[in-house]
Amino acid sequence: MWKHAYLQFRRWLQSVATQLKTPAQRKFDWLAESIGKGNLEFLRLYLSKGGDPNLGSMDQYPLISVAVNYHNVEAVKELLGCGAVAACHDENGWGKWNELANSAFNGYADIVSILLQHGVPVDTNWMSSTTALHEACMMRCGADCPAWDYDDEVGSPAETARFVETARILVQAGADVNAVCEDWPGPDVEYTPLHFAVEAECLELVTLLIANDADTGATSSEGRTALDLARERNASNIIEFLEALDANL
């Protein structure tokens, strides 16, 4: 009995919440749902009638964020073609959204390429200091934000290849391989992309970064180098690689 009453109450709350939304918010929900399902008909119709490509949700995330999260490449192209803003910062320089970094976080190399072609700055920050290259080197997708249309297991060769390709595209576009991230995984940590690649225990990323002049001697705020992190994690293949580099310096 109580369960039935609870479900009825929840339906009532959802109904009230829907009624309280503005027409623009309801339109966003409708478009976001269609983008998530891979249906571009409604989005194209909306844009063809002069609809705002930067229409946002109640929490201010725009349609392009939805398209990236669902890896809807065609929706991303449609929105960018109509003037969607792919990265936005507040007056303090904090990122409201950054779809280049979001795409890199998910290992969406194809969307990263598209955004770069549309002029999104390769080192534009997410939050206060993380760049797309930091996000790609974290390889956090499988644990924190699943790429829904990929079946790759966390740490599988297929997943690793996606992130390495994403990082390669960013590096070739001129990403700063020694950029310092101050706000993740905690305040004032001062990790570089190489630190994150070592934490992810991905030798391919480590090799890519060092081949493009990543500083192996860069230290975090606690004085940790990439080799220190590798030793803490007992990442034997990375330890051997970095020690061999040191021996040849």
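Going by the working numbering, the letters in the sequence shown line up with residues 437 to 685, in that order.
Note that beta-carbon positions come from the ideal geometry of N, C-alpha and C, so glycine has one too.
Owing to the predicted nature of the structure, the values given are computational and were not obtained by experimental measurement.
Check	Outcome
7 Å CB neighbourhood of C573 in its chain, flanking five on each side removed	A603, P629, F632, A633, A636 and L641
Nearest candidate by alpha-carbon position, reference E595, set Q553, A540 and W562	A540
C-beta contact flag for L483 and E510 at 8 Å	no
N505 versus A545: straight-line alpha-carbon distance, rounded	13 Å
Whole-angstrom distance between P489 and L516, CA atom to CA atom	8 Å
Backbone secondary structure at K485 - three-state DSSP	coil
S672 classed as buried or exposed, judged by whether at least 16 other C-beta atoms fall within 10 angstroms	exposed
Short Cβ contact (8 Å threshold) for A686 with A568	The structure shown does not extend to residue 686, since the chain is modelled only from 437 through 685, so no value can be given for it.
Test item: CB-CB of L645 and A609 under 8 Å	no
Cβ neighbour criterion (16 or more within 10 Å) applied to A647	exposed
Through-space distance from S470 to C617, alpha-carbon basis	35 Å
Proximity winner among T566, E535, E477 and G555, relative to D502 (alpha-carbon distances)	For the sequence presented, residue 502 should be read as Val rather than Asp. For the residues T566, E535, E477 and G555, the minimum Cα distance to V502 belongs to E535.
Other residues of its chain near E676: CB distance less than 7 Å, five sequence neighbours each side excluded	none
Proximity of K463 and L491 at Cβ, strictly below 8 Å	yes
Distance, H570 Cα to N668 Cα	Correcting the residue identity first, residue 668 is Glu in this sequence and not Asn. Computed Cα separation, rounded: 20 Å.
Helix, strand or coil at N534 according to DSSP, with G and I counted as helix	strand
Simplified DSSP assignment, three categories, for T458	coil
As assigned by DSSP and simplified to three states, the class of P629	helix
Reduced DSSP category for A636 - H, G, I as helix; E, B as strand; rest coil	coil
Helix, strand or coil at A583 according to DSSP, with G and I counted as helix	Low per-residue confidence applies at A583: pLDDT is 47, beneath 50, and the placement is therefore not dependable, though the value from the model is reported in the following sentence. The answer is coil: DSSP assigns A583 none of H, G, I, E or B.
Cα-Cα separation, W584 to A683	Low local confidence applies: a pLDDT of 46 at W584 is under 50, so the model's placement there is unreliable, and no value is given.
Alpha-carbon spacing of G487 relative to T458, whole angstroms	16 Å
Anticipated Cβ contact below 8 Å, N614 with D651, distance rounded	5 Å
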